[in-house]
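The sequence shown maps to residues 540 to 633 in our numbering. Ideal Cβ positions, reconstructed from N, Cα and C, are used throughout, including at glycine. Structure record follows, encoded as structure tokens.
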Amino acid sequence: MPGRKLASPSSEGNAERRSQPRQRVLKGAIIRFNKGYGALECVVRNLSENGARLAFGETTAVPAVFDLKIAGNEDVREARVRWRTPDSVGISFS
């Protein structure tokens, strides 16, 4: 939207607010939403016990709440978007 600024991560500011340190990773993942009828592929760029940074081609279609399934892991975690840029979102796990 013109005139609207997206919140973006500050590497120093966000690091101080995190209760758990994040590890850099590069893993494929899928988000599922709309009762499982919607899905988007993404890449997990960093990960902690409490949240993650996900990279997308663009984030306009990423909903505020979704389920995250990371490749190589059987767990599906509910996630909530905390910030977004045009190509990434920061999430916290519910």
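| Query | Result |
| --- | --- |
| Can you tell me which of E580, T624, P560, P625 puts its alpha carbon nearest to the alpha carbon of N589? | P560 |
| By Cβ distance below 7 angstroms, which residues in the same chain neighbour I609 in space, the five residues on each side in sequence not counted? | K566, A568, V583 |
| For R563, is the classification buried or exposed, using 16 other Cβ atoms within 10 angstroms of its Cβ as the cut-off for buried? | exposed |
| Mark A591 as exposed unless 16 or more other C-beta atoms lie within 10 angstroms of its C-beta, in which case mark it buried. | buried |
| When you compare the CB positions of I570 and D614, do they come within less than 8 angstroms of one another, or not? | no |
| Checking the sheet assignment: what are the DSSP bridge partners for A568? | C581, I609 |
| Could you round the C-beta distance between D626 and E580 to whole angstroms and report it? I think they count as a contact, below 8 angstroms. | Going by Cβ atoms, the distance from D626 to E580 rounds to 13 angstroms, so no, they are not a contact pair. |
| Write down the C-beta distance between R619 and V601 rounded to the nearest angstrom, noting that I regard them as a contact closer than 8 angstroms. | Their Cβ separation, rounded to whole angstroms, is 11 angstroms, which puts R619 and V601 out of contact at 8 angstroms. |
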